[in-house]
Amino acid sequence: MILPLFWAFATLSLLAIGGANAVLPEMHRLLVEVHGWMDDATFGQLFALAQAAPGPNILAASVMGWNIAGPAGLAAATLGMLLPASVLAWCVAGLTARLAKSPWLKPAQFGLVPVAVGLIAASGVIMAEAAGNGWLPWVVIAASAAFVWRTAFSPLWVLAAGGVLGFVFL
Amino acid sequence: MTPTRGQLFLAYLRIGLTGFGGVNAWARQLLVEKKGWLSDQQYAEALGMGQVLPGPNALNCAIAIGARFHGAAGAALATLGLLLGPMAVLVCVAAAYDRYGQLPLVRAVLTGIAAAAAGMVLGTAVKMAVKLRPTPLLWLTGALALALAMLHVPLPLVLLGLAPLGIWAASR
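Chains as they are written, first to last, in the working numbering: chain A, 420 to 589; chain B, 575 to 746.
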């Protein structure tokens, strides 16, 4: 199980243009649907925990690895998620200054952003489906979306508020 | 000004641990404004490359900045510094979830947090889309990405199809 786990995340690593949120639908497809390593609700909760913790969101992979196969799973998922992309980043690091001035960089940056935004929206929908059983979760989802969209406060406030509402009403 | 290896590691350790909800804003503030190791322009270039490359932007950026000051050792130190703190926190979180995740009360709190996180991701997508002010073609690219992901099309295929479309649309 450790090796398939490593490969699953290693594939994700090279596809993660736009960070963890953009790769979430594929992570869900692989872990929940293809391999059946966890259910919908667990997936959503682990991802939420990773969002609430400090550091790059991509470390959600580590938490999921731990849930699937303990410490060895954590190591496999983390290495898989980080190694391929890091090696690539290292390979082009020396070229950064030159590449930054090349004419294709701007279109590449701007052209990939809409793809990433679409994928992030899909992540949101998938997580909402996993979390939204009953009216209260849907109210929380809508309120939190509006809060993050319209205000500049740290999103940690919504996560904390969601936890408190769950504690009181669920 | 060039930081020593130790300074580089400590700076990234700090960035990793303070970086709630996205690391990049914290990294810029520390490296450019407080320490003055990089100019705004240099940081923006490193970040721009980090965004085009796959993998977490912040990590790609850390590798490029570490490598710039101390080669391979610098890249490794910046990576370790960035990830060590958050990893330690997450190991505790994961272990606690294993142990207490099924308790009804914990489950209720986590459902609330998961719902809030779902809304947060949706809100982020809306915010980014509005800020981008996309042309109709770029809207179409984003909408197609959303639709294909919802239809469970494997991501490699989605990217192969839509990355060229997006880049073409952006260059017009």
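Glycine is no exception: its CB is placed at the ideal position from the N, C-alpha and C atoms.
| Asked | Found |
| --- | --- |
| With DSSP as the reference, label A/G553 as helix, strand or coil. | coil |
| Applying a beta-carbon distance threshold of less than 8 Å, which residues of chain A neighbour B/K701? | V567, W568 |
| At the 9 Å Cβ level, is B/P710 part of the contact set with chain A, yes or no? | no |
| Indicate whether the contact test is met: 3 or more Cβ pairs, each with one atom in the stretch 552 to 567 of chain A and one in the stretch 449 to 459 of chain A, closer than 8 Å. | no |
| Give me the Cβ distance between B/A688 and A/G463, rounded to the nearest whole Å; I'm assuming they're in contact under 8 Å. | 4 Å |
| At 9 Å on the CB atoms, spell out the chain B contacts of A/I436, in chain order. | Q625, V626, L627, P628, G629, L733, A737 |
| Mind listing the chain A neighbours of B/A787? Cutoff is C-beta to C-beta under 8 Å, in chain order. | Any question about residue 787 of chain B goes unanswered here, given that chain B covers just 575 to 746. |
| Can you check which of these residues, B/A669, B/L718, B/R707, B/A668, is closest to A/V534 by C-alpha distance? | B/L718 |
| On a Cα-Cα basis, can you pick out the residue from B/A668, B/P628, B/S613 that is closest to A/Q404? | The shown model of chain A, from 420 to 589, leaves out residue 404 of chain A, and the question about it has no answer. |
| May I ask you to report which of helix, strand or coil DSSP gives B/A691? | helix |
| Excluding five sequence neighbours on each side, which residues of the same chain lie with their C-beta closer than 7 Å to the C-beta of A/A496? | L424, F428, A480, S481, M483, G484 |
| So if I threshold CB-CB distances at 8 Å, which residues from the stretch 663 to 674 of chain B count as touching chain A? | V663, L664, V665, V667, A668, A669, Y671, D672 |
| For the alpha helix (DSSP H) that A/S432 lies in, which residues bound it at each end? | 421 to 434 |
| According to the Cβ coordinates, are B/L604 and B/R588 closer than 9 Å? | yes |
| Measure the C-alpha to C-alpha separation of A/P444 and A/V567 and round it to an integer number of angstroms. | 21 Å |
| Using a Cβ-Cβ cut-off of 7 Å (strictly less than) and excluding sequence neighbours within five positions of B/A647, which residues of its own chain qualify? | R579 |
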